[in-house]
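In UniProt numbering, the protein residues as written are 1 to 433.
Note that beta-carbon positions come from the ideal geometry of N, C-alpha and C, so glycine has one too.
As the structure is a prediction and not an experimental result, all values here were calculated from the model.
Remarks on the structure that follows.
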Ligand code: SF4
């Protein structure tokens, strides 16, 4: 027998008071120092910046230039490339030059490990062409060389007027610092568990390295921090702590997030919690691409995360129902896909010719149950006929039923309605009606 829940007789409705309402929306952004990476501002009052990383051999100038251009066209505002040998260091200025010839001014970040001090010394054109250096404090060098080589990297940043990201990573944690903190922990009256000690080591690696860079002479406004781990709860704990202990701008990312939906969900879960708390100034979604898939997926996911959270707008968003037994065919799924692809493809042009179009909301719904209601909430919505409904698709514009589409041309006509709306509302003659 199913149990029924009965409210206690004494229960009274809660008073409706504004000051009793739960908080709505993200917390105010954490106050950070603003860093200029080329022409892009990170931190301070700048919007959260989307960045990505190439997976081509940087020494292959044509392939890397092509992929940077793809990432930039998809909306990446900063692009990182690995600089791991003399050939890739020599390629960097050529890549930046080729991008400039294509009219692409995206700042390029160099990712250095182990030999960055040597590469920057031998390739001054690379040091100049890069907009930022990423330094991993866990592997700038080992033993006695670590401090010297870290100092050399910072001195190059000072000499060339570049910002750095001091990016600690769980997978390349500074082992001497971890061992030191383990020893200190053993002396505690109530020792921490090993996980907490390792999280502290990661945070201290980033924070101590940043203070060392400041001592060497790098301005605090030239430093971005990150401390990446691959677990969602660990990442949230690490960044909350790091945010409370400094005012450096923070780069968020779940490292080694994984492939497909797992990588997307894990990254979104971790980053959404932090951004809801106002933490994070630039994000990267570290997805493993499916074989043959475009690298640009990580950019799309980053944009969609920011947009669905209401933090930024990049492209019109399509609300679509999941479909159920009331849907007569896959047509509404296809229509939702076609509409999303159409507006995403149009957005680079609309960004210039119809600014504001990125805020457009669209709805594609499968039947009359929620179709008209959801469609009225969107700027433009269509409610397709479900099982047993008349073969007609009412279209709603700004909450009012505007027309009904029928027959084989529904998709084409609906795209035309969207384009016409954008032209009327966001074009140069936007105020004519
Ligand atoms: S709107 Fe209609 S088709 Fe879509 S999920 Fe709801 S009931 Fe099913």
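- In the structure shown, residue 34 adopts coil according to DSSP, grouped into three states.
- Each of 103, 77, 195 and 403 was checked against the Cα of residue 46, and the nearest Cα belongs to 77.
- As summarised for the stretch 236 to 323, the continuous beta strand (DSSP E) elements at least 3 residues long and confined to that stretch are 249 to 252 and 317 to 320, given in chain order.
- Relative to ligand 1, even the nearest heavy atom lies 6 Å or more away from the CB of residue 171.
- Collapsing the DSSP output to three states places residue 52 in a strand.
- With respect to the 7 Å criterion, residue 217 and residue 158 are classified as neighbours on the basis of their beta carbons.
- Close CB contacts of residue 206 within its chain, under the 6 Å cut and outside five residues either way in sequence, are with 166, 168, 225 and 227 (chain order).
- Residue state for residue 218 is assigned as coil, using DSSP reduced to three classes.
- In the structure shown, residue 396 falls within a strand segment according to DSSP collapsed to helix, strand and coil.
- A straight line joining the alpha-carbon of residue 246 with that of residue 277 spans about 16 Å.
- In the assembly as shown, residue 184 is an exposed residue. Its beta-carbon has fewer than 16 other beta-carbons within 10 Å.
- Counted as a single uninterrupted DSSP element, the beta strand (DSSP E) harbouring residue 108 occupies residues 108 to 112.
- In its chain, beyond the 5 residues on either side, 220 and 223 have a beta carbon closer than 8 Å to the beta carbon of residue 214.
- By the Cβ rule, the stretch 89 to 100 does not count as touching the stretch 136 to 155, because fewer than three pairs are nearer than 8 Å.
- Under the three-pair Cβ rule at 8 Å, the stretch 377 to 387 counts as touching the stretch 348 to 363.
- Residues with their Cβ less than 6 Å from any non-hydrogen atom of ligand 1, running along the chain, are 321, 322, 323, 324, 326, 327, 365, 366, 367, 369, 370, 371 and 386.
- The continuous beta strand (DSSP E) containing residue 169 extends over residues 164 to 169.
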